[in-house]
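First residue of the sequence shown? That's 1 in full-length UniProt numbering, and the numbers climb one at a time after it. Encoded as structure tokens, the structure appears first; notes follow it.
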Amino acid sequence: MRYLMLVLSTPDAPQDPEGVPAIEDWVRDTYGAGRAVLGDRLRPPADAVGVQVRAGEVIVTDGPFSETKEVVAGFDVLDAPDLDEAIRIAAAHPMAHTGAIELRPFWPLGLEGDADGGPGDA
Numbered sequence: 001m002r003y004l005m006l007v008l009s010t011p012d013a014p015q016d017p018e019g020v021p022a023i024e025d026w027v028r029d030t031y032g033a034g035r036a037v038l039g040d041r042l043r044p045p046a047d048a049v050g051v052q053v054r055a056g057e058v059i060v061t062d063g064p065f066s067e068t069k070e071v072v073a074g075f076d077v078l079d080a081p082d083l084d085e086a087i088r089i090a091a092a093h094p095m096a097h098t099g100a101i102e103l104r105p106f107w108p109l110g111l112e113g114d115a116d117g118g119p120g121d122a
């Protein structure tokens with residue numbers, strides 16, 4: 001099963017916690033084992049734009065769409081057999097120590113070729 005791992009920067013992050021693993025080690029171990037298939041850092045919220053369509057008009061706004069104290073700093077797509085393994089992988093990420101991690105299982109659309117079915121398979 002695939003999981004989107006959102007890497008979050010949080011305002012209440014501990015200052016210089018001990019025992020934080022190096023990101024290079026996490027990348028080598030996770031991607032090297034085939035447990036992650038895609039990931040990257042994201043530009044700061046000031047570089048983001050919001051996109052909405054209302055009454056047929058495309059509305060583009062500067063900055064993040066919603067007000068939040070947490071900032072999505074990056075993401076990884078994990079390929080794990082179950083949630084327990086995805087949690088183990090996420091807990092080993094440096095930002096689990098200094099920020100936060102959110103795991104979201106993919107929910108395939110149920111189109112031809114989707115292995116896990118669609119919304120009706122919840």
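For every residue, glycine included, the Cβ atom is placed at its ideal position computed from N, Cα and C. These figures come from a predicted structure and were not determined experimentally.
Measuring straight from C-alpha to C-alpha, what distance separates residue i and residue j?
i              : j             : result
valine 49      : isoleucine 59 : 10 Å
arginine 41    : alanine 55    : 34 Å
glutamate 18   : arginine 104  : 28 Å
isoleucine 101 : alanine 13    : 12 Å
histidine 97   : arginine 28   : 18 Å
proline 119    : leucine 111   : With a pLDDT of only 49 at proline 119, under 50, the local geometry of the prediction cannot be trusted, and the value read off the model is given with reservation. Distance between the alpha carbons of proline 119 and leucine 111: 11 Å.
alanine 33     : proline 11    : 32 Å
glutamine 15   : threonine 61  : 33 Å
glutamate 24   : alanine 90    : 14 Å
residue 124    : aspartate 84  : Since the displayed the chain opens at 1 and closes at 122, residue 124 lies outside it and no answer follows.
glycine 99     : arginine 43   : 17 Å
Under 8 Å between the Cβ atoms of residue i and residue j?
i            : j             : result
alanine 80   : tyrosine 31   : no
valine 71    : leucine 8     : yes
valine 20    : proline 94    : yes
aspartate 82 : methionine 5  : no
glycine 74   : alanine 46    : no
leucine 78   : alanine 36    : yes
alanine 86   : tryptophan 26 : no
Report the three-state DSSP secondary structure of residue i (helix, strand or coil).
i           : result
alanine 122 : In this predicted model, alanine 122 has a pLDDT of only 43, less than 50, meaning its place in the structure is not dependable enough to derive any value.
Return the chain-ordered ranges of every alpha helix (DSSP H) run that is complete within the UniProt domain "YCII-related" (1-108) and spans a minimum of 4 residues. 23-32, 83-91 and 95-98
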